[in-house]
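Accompanying notes for the structure given below.
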Amino acid sequence: MIDRHPWLDALAHAVLIAGVVLVAFPVYVAFIASTHGPHDFMSGLVPLLPGSEMVANYRAMLTDGLSSSGAPPLGGMLWNSLMMALIIAFGKIAISILSAYAIVYFRFPFRAVAFWMIFVTLMLPVEVRIVPTFKVVADLGLLDSYAGLTVPLIASATATFLFRQFFLTVPDELMEAARIDGAGPLKFFRDVLLPLSRTNIAALFVILFIYGWNQYLWPLMVTTTSSHYTIVMGIKRMSDVADALPQWNVVMTTVVLAMLPPVVVVVGMQRLFVKGLIETEK
Amino acid sequence: MQTKRTVFGNRLLPYALLLPQLAVTVVFFLWPAAQAVLQSFQREDAFGLSTTWVGLANYADLLDEPTYLNSLKVTAIFAPAVTALSVGLGLVFAVSLDRLVRGSRIYAALLVWPYAVAPAVAGIMWWFLFNPTIGLLPYLLAAVGYRWDHALQPTDAMILVVIAASWKQVSYNFLFFMAGLQAIPKSMIEAAAIDGAGPVKRFFTIVLPLLSPTTFFLAVINLVYAMFDTFPVIHATTGGNPAQSTNILVYKVFVDGFIGLNLGSSAAQSVVLMAIVVALTVIQFKWVERKVTY
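Read top to bottom, the protein sequences are chains H and E. For reference, each letter of the first sequence is one residue, going 1 to 282 in the numbering used here. For reference, each letter of the second sequence is one residue, going 1001 to 1294 in the numbering used here.
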């Protein structure tokens, strides 16, 4: 800094520590609750120190679920969430990189029309077209399947734009050299463009994995039996049960398990995450 | 629209490359959206046996429906509140972090992860903290004489969903303000310091104006988030209650369409929401263009 203001530095530390406490506190309380037995929630105040039931709670929820209340085990839900997040992330990346390649490296009739059609998807979040989209998926017989969970969410304007911006910065000479060496469009794409896009793909993957994992309304609609429940929507089922007879330890075990994988991804790949976040919104 | 200086000559290949993206877009975006527009001009009888063309009646009815007007009002409070709270806190944290030389990476790492938490999960966690019988915060509020009950008090319920929706969004705004602050030339700050401007004055006369494009962009993004992506927060916690006090527009579309089965009205509401998203997206892109040109 240019001039020294010890009291301002102290204030900055104080603000940041308060911020860290603010973001961490709900998670701390949720985690503590997941380590207690059901009777510790009768006393009038949530426990604030760890209990002794952590292993028992997590083992019971992962393998049995709340069978007395008809909630399935979380192991299967975690698997479904993982599948959904991976299919959405890879699917979006695959179809977006292909369409960006077509738009940047070819000239053909209706190119602008295609570009605008992709752009439109940006403006139609699933929440505003939920009833007719649900009907389409039901008519196609995709309810309660991985295809129904993922394909309707797989078109992506942001990913297409990101790859388009990146392709435009790739030097033209690369493509000209490849053509002189006799490489066709598919070979150029596979051997030159794809390796160059590696960092962008990885950054995008982090963002899209989180997007897919955190889906809530869509899985709630298209899963009709518990076999395809994802964990984020499963929490709602758990908390409905808990409202009737408070099993907060069980709900909070689910909460912790539901947020752990995407948080681990963000923390473990922080640099890619920040790059992906800032670039997809440009 | 930009392309390369030289392009590949194939005729069919580009269409094949575009096919998957366009197929998904047509089947799951354009077709349902067109259906929503069509349905918004129709009315179905109670058994779904016949539909009649009613023109703009569904839209006109919306303006007479007290619950819809209430929902508009609720959204007009909820969305700006979430935006102001999360953008404001993001700015405060980013500016604080920008001052520090030591420890900034650790603070940044500890502040960004809530982005990964699903809105539904964030909602449930705050719902638990604010639980009127065993929650910690009502316990503390009772100590200062306030009886918290978001199941009965509309204001309490609104505060709950605003906090839950803002909590996870702070990290996002924080990251963008960090990027914005790093783009401000240090020489400008130094020149002001030499001219005798203190840190507070520098913040208000240099830093804040130079951050205004970022702030504007984040305001739009957060409005979109608060209006559309917060559905899970409402659904997992208050369910729009008590007395419709947290029934935001996007939640009402769902309730009227799926639970009330009032398809015409729900479709009209969808179309109104689409118009709002389109307007906000256009504003956002205008901003992007401006940013590119200077």
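The C-beta atom is built at its ideal place from N, Cα and C for all residues, glycine as well. All figures in this text were calculated on a predicted structure; none of them were measured in a lab.
Worksheet item: Can you tell me whether Q1169 (chain E) is buried or exposed, with buried defined as 16 or more other CB within 10 angstroms of its CB?
Response: buried
Worksheet item: Does the beta-carbon distance from V104 (chain H) to K1186 (chain E) come in below 8 Å?
Response: no
Discussion item. For R198 (chain H), report the span of its alpha helix (DSSP H) as first-last.
Written reply: 198-213
Discussion item. Using a Cβ-Cβ cutoff of less than 7 Å, which residues in the same chain neighbour S1266 (chain E) once the five nearest sequence positions on both sides are dropped?
Written reply: V1253, D1256, G1257
Item to complete: Drop a sphere of 10 angstroms on the beta-carbon of K1201 (chain E), count the other beta-carbons inside from all chains shown, and report buried for 16 or more, exposed for fewer.
Response: exposed
Worksheet item: Thinking just about the alpha-carbon of each residue, which of H:H13, H:P26, H:V20, H:D9 is nearest to the one in I1163 (chain E)?
Response: H:P26
Fill in: Best match in E:P1114, E:L1137, E:R1099 for proximity to G1145 (chain E) [C-alpha to C-alpha]
E:L1137
Worksheet item: Just checking, does the segment 1068-1075 of chain E make contact with the segment 172-184 of chain H on the three C-beta pairs under 8 Å criterion?
Response: no
Worksheet item: Closest to T72 (chain H) by CA distance: which of H:T254, H:Q270, H:V274 is it?
Response: The sequence shown places Pro at residue 72 (chain H), not Thr. For the residues H:T254, H:Q270, H:V274, the minimum Cα distance to P72 (chain H) belongs to H:T254.
Worksheet item: Is S326 (chain H) near V232 (chain H), with beta carbons less than 8 Å apart?
Response: No information on residue 326 (chain H) is available, as it lies outside the stretch 1 to 282 that chain H covers here.
Worksheet item: In angstroms, rounded to a whole number, what distance separates the CA positions of S156 (chain H) and N1222 (chain E)?
Response: 20 Å
Worksheet item: Cβ of L204 (chain H) less than 8 Å from any chain E Cβ?
Response: no
Worksheet item: Taking DSSP as the reference, what is the three-state secondary structure of R1043 (chain E)?
Response: strand
Discussion item. Once DSSP output is grouped into helix, strand and coil, what is the label at F1130 (chain E)?
Written reply: coil
Worksheet item: Does DSSP put T1003 (chain E) in a helix, in a strand, or in coil?
Response: coil
Discussion item. Just to check my reading of the structure: W1127 (chain E) and L1160 (chain E) have Cβ atoms closer than 8 Å, yes? What is that Cβ distance to the nearest angstrom?
Written reply: 7 Å
Item to complete: Count the other C-beta atoms from every protein chain shown that fall within 10 angstroms of the C-beta of P109 (chain H), then say buried if there are 16 or more, exposed otherwise.
Response: exposed
Worksheet item: Where L1017 (chain E) and I95 (chain H) are concerned, what is the direct C-alpha to C-alpha distance, given to the nearest angstrom?
Response: 8 Å
Worksheet item: Is the beta carbon of V267 (chain H) sitting closer than 8 Å to the one on G148 (chain H)?
Response: no
Worksheet item: Exposed or buried, E941 (chain E), counting other C-beta atoms within 10 Å across all chains shown (16 or more means buried)?
Response: Lying outside 1001 to 1294, the shown extent of chain E, residue 941 (chain E) is not represented and no answer is given.
Discussion item. Which of the three DSSP states is assigned to F1008 (chain E) in this structure?
Written reply: strand
Discussion item. Let's test the definition: count the other Cβ atoms within 10 Å of the Cβ of P47 (chain H) and tell me whether it reaches 16, buried, or not, exposed.
Written reply: buried
Discussion item. Just to confirm before moving on: does the CB-CB distance between R1228 (chain E) and P261 (chain H) stay below 8 Å?
Written reply: Reading off the sequence shown, one finds Phe at residue 1228 (chain E), where the question assumed Arg. No, Cβ-Cβ distance for F1228 (chain E) and P261 (chain H) is not below 8 Å.
Worksheet item: Should K1286 (chain E) be labelled buried (16 or more other beta-carbon atoms within 10 Å of its own) or exposed?
Response: exposed
Discussion item. Which same chain residues end up closer than 8 Å to V1292 (chain E) when comparing Cβ atoms and leaving out the 5 residues on each side of it in sequence?
Written reply: Here the model assigns V1292 (chain E) a pLDDT of 44, short of 50, so the residue's position is not dependable, and the following value carries that caveat. Closer than 8 Å at Cβ, skipping near neighbours: no residue.
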